[in-house]
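Residue numbers (the working numbering), protein chains in the order written: chain R, 2 to 332; chain P, 2 to 332.
Each residue gets a CB set at the ideal place from its N, CA and C atoms; glycine is no exception.
Remember, it's a predicted structure, so these values are computed and weren't measured experimentally.
First up is the structure itself, then whatever we jot down about it.
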């Protein structure tokens with residue numbers, strides 16, 4: 002999970018507007034696409050590297066990067082089809098942007114309005130639209146839920162029961178009975194797949210808490226600190242502590258807070274969240290979170306290797322910037 | 002003149018989409034506003050620091066940063082009025098963006114469609130819309146032309162003619178006759194103001210050549226190298242050599258090429274242009290060009306102090322990056 006832009010509402014010098022790229026096997030999915038996302042993706046070397054875009058809601062900071070990106074795809078002669086998913090109203094918005102921005106495209110663009118709880122099924126997993134609460138208009142979070150995987154195969158036990166190693170092992174693992182031995186005799190219980198849940202913009206929300214139950218990663222907006230709780234409520238956003246509270250109730254395994262207001266560095270929000278839910282990270286732009294299969298350990302934040310430690314006081318390990326990299330001015 | 006974004010059509014890792022901020026005395030004018038301009042301006046510490054935006058034409062790379070910026074101004078409670086100027090069609094475009102992006106604003110927004118050659122008069126200078134040739138729809142370059150300044154006052158001569166130093170010197174310089182001495186007796190010929198001309202996107206264009214006559218700086222698009230001359234013609238753009246040819250014919254004093262296609266580093270285009278017109282620069286994002294009054298010397302490029310020399314091979318002098326600055330990944 003690549004954090005392409007971790008700011009909210011207004012970009013900051015150090016944080017782009019919302020966008021998260023999820024990579025699973027050969028699949029690439031983009032969640033939200035704030036202004037400037039195409040350039041952030043270029044910097045990550047991942048421009049155009051996805052077939053689906055999921056928009057959470059229609060505040061401009063979450064989608065205004067999409068029309069320009071479609072135009073750039075056209076200028077670069079993209080041929081790979083692209084599907085844009087989002088709440089009701091997406092078609093009208095995209096039609097307006099087609100007229101003034103991107104016009105005719107050389108690739109197939111599908112625009113799909115999802116129903117609340119509507120799933121998008123893909124090979125081995127699905128993406129579920131979670132209705133969240135962000136003011137008057139429909140807004141979604143998204144849950145990426147992998148299908149159950151078969152239980153663990155016990156080759157020693159299979160041999161003891163008289164099955165010879167080789168093709169018969171494969172048949173058993175694919176669910177067929179071999180030489181009177183049934184798969185369930187030599188396979189453990191089905192194993193859960195991974196679950197990653199993204200909140201979009203929302204006040205703390207029951208539907209999201211349910212969706213995030215035991216998620217490997219919950220990415221939750223944390224626009225404000227606790228001292229701005231009133232303002233968070235008024236603007237239908239969450240505080241860092243509220244995000245942490247929700248992660249705790251949902252028994253999420255890792256909380257990643259994002260949509261950080263430009264008034265914060267992110268660290269103070271992370272600390273507020275950690276006081277409630279210890280396993281909290283506040284990724285910065287270009288950081289990633291790796292989500293291994295559950296038996297291979299917990300999800301973890303991997304800071305972006307191009308960032309150097311500086312006066313902002315990051316305690317992260319630093320590596321040399323890429324040769325020829327440019328610095329950006331401090332705010 | 003601050004080069005906020007020097008790329009064209011598609012952003013590159015090292016070049017944002019078109020935007021140039023011109024500062025004159027207390028005035029700040031923004032020319033074009035590609036996607037990502039608001040964040041570039043933040044990095045320059047100049048976000049919101051202007052009262053006028055001039056759009057050259059309606060290809061998305063030249064204006065798509067504007068609606069999100071207006072929204073950001075609203076979120077930050079801007080009160081200072083803002084005027085957006087551009088060719089015919091601007092009102093319709095802004096209305097469409099108002100509906101889907103920025104809604105009601107807490108400051109006064111004026112949208113003014115300029116006639117070709119239509120001037121915008123300001124204190125001591127004017128901005129003239131120059132009709133250029135960039136395909137079917139209207140497109141402008143802009144010429145910033147200062148009013149003539151009074152000639153140089155000769156205090157020694159004034160004293161010789163019997164005028165006492167003091168308030169009478171001021172009266173003479175403001176054009177009044179004092180003690181029988183007329184201003185023209187002690188003032189040199191009127192002095193030209195400065196002239197800066199921006200091409201917008203265009204094929205080489207006669208109206209622009211005329212407008213750029215003896216300009217202190219001509220900022221001209223140079224989207225392509227000479228080997229892509231055919232493509233430049235097809236897409237109504239210019240090559241670097243064509244920009245230089247025009248600068249030479251116009252007797253411009255300095256040519257700054259911009260709108261560099263992402264396929265180029267900029268250096269090869271600059272070299273092609275210099276072969277035709279030696280006084281050519283290819284500014285990079287965040288560079289500035291200072292334009293002193295003519296008697297104080299020629300305009301000159303000031304490389305951005307935050308850039309370090311790196312493997313891209315810039316020969317420019319380097320200073321330390323600002324404390325805490327972050328690096329951006331190389332493409």
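DSSP places residue 28 (chain R) within a strand segment (E or B) once states are collapsed to three. When secondary structure is reduced to three states using DSSP, residue 211 (chain P) falls in the helix class. Excluding the 5 residues flanking it on each side, residue 308 (chain P) has no same chain C-beta neighbour closer than 6 Å.
By the 16-neighbour rule on beta-carbons within 10 angstroms, residue 111 (chain P) is exposed. Inter-residue distance for residue 269 (chain R) and residue 232 (chain R) is about 17 Å (C-alpha atoms, whole angstroms). Restricting attention to alpha helix (DSSP H) runs no shorter than 4 residues, the stretch 76–130 of chain R encloses them at 91–98, ordered along the chain. Taking 8 Å as the upper bound on Cβ-Cβ separation, chain P lies near residues 76, 77 of the stretch 76–90 of chain R.
Residue 256 (chain P) has its alpha-carbon roughly 6 Å from the corresponding atom of residue 220 (chain P).
Between residue 36 (chain P) and residue 267 (chain R), the CB-CB gap reaches or exceeds 8 Å. Straight across, the Cα-Cα distance linking residue 205 (chain R) with residue 225 (chain R) is about 13 Å. Residue environment for residue 211 (chain R): exposed (fewer than 16 other C-beta atoms within 10 angstroms of its C-beta).
When 7 Å is used as the limit between beta carbons, residue 14 (chain R) is near these residues of chain P: 43, 44, in chain order. Look at the beta carbons and you see the stretch 243–258 of chain R touching the stretch 270–289 of chain R: at least three pairs across the two are nearer than 8 Å. Going by C-alpha positions, residue 44 (chain R) is about 19 Å away from residue 42 (chain P).
Residue 40 (chain R) sits in a helix when the DSSP states are folded into three classes. Among the residues facing chain R, residue 61 (chain P) is included, as its CB has a counterpart in that chain under 8 Å away. If you look at residue 17 (chain P), you'll find it isn't in any alpha helix (DSSP H); DSSP assigns it neither H nor E. The Cβ neighbour count for residue 69 (chain R), taken over all protein chains shown within 10 Å, is at least 16; the residue is labelled buried. Looking at the DSSP output, residue 53 (chain P) shares a beta bridge with P:30, P:84.
Note on geometry: alpha-carbon atoms of residue 117 (chain P) and residue 202 (chain P) lie some 15 Å from one another.
Taken in chain order, the unbroken stretches of alpha helix (DSSP H) that lie wholly in the stretch 223–267 of chain R and span 4 residues or more are 230–235, 241–250. Counting along the chain, no beta strand (DSSP E) covers residue 170 (chain R); the unbroken alpha helix (DSSP H) around it starts and ends at 168–174. Put simply, the stretch 50–60 of chain R touches the stretch 120–138 of chain R. At least three CB pairs are less than 8 Å apart. Residue 193 (chain P) sits close to residue 295 (chain P), with the two beta carbons spaced by under 8 Å. As the crow flies, the alpha-carbon of residue 244 (chain R) is around 19 Å from that of residue 130 (chain R). Here DSSP, grouped into helix, strand and coil, assigns residue 135 (chain P) to coil.
About 11 Å separates the CB atoms of residue 30 (chain P) and residue 20 (chain P); that is not less than 8 Å, and the two are not in contact. For residue 97 (chain R), the residues of chain P that pass the 7 Å Cβ criterion are 97, 101, in the order they occur in the chain. Among the residues of chain P, none has a CB under 7 Å from the CB of residue 19 (chain R); the nearest is roughly 12 Å distant.
Contacts with chain R at 8 Å (Cβ-Cβ) include residue 68 (chain P).
Residue pairing by DSSP places residue 298 (chain P) opposite no residue, since no beta bridge is assigned to it. Close to residue 37 (chain P), with beta-carbon spacing below 7 Å, are these residues of chain R in chain order: 36, 37, 40. Residue 3 (chain P) has P:22, P:289 as its beta-bridge partners, per DSSP.
Any Cβ of chain P closer than 8 Å to the Cβ of residue 65 (chain R) would place that residue at the interface, and such an atom is present. In the three-state DSSP reduction, residue 145 (chain R) falls in the strand class (E or B).
For residue 188 (chain R), the three-state secondary structure derived from DSSP is strand.
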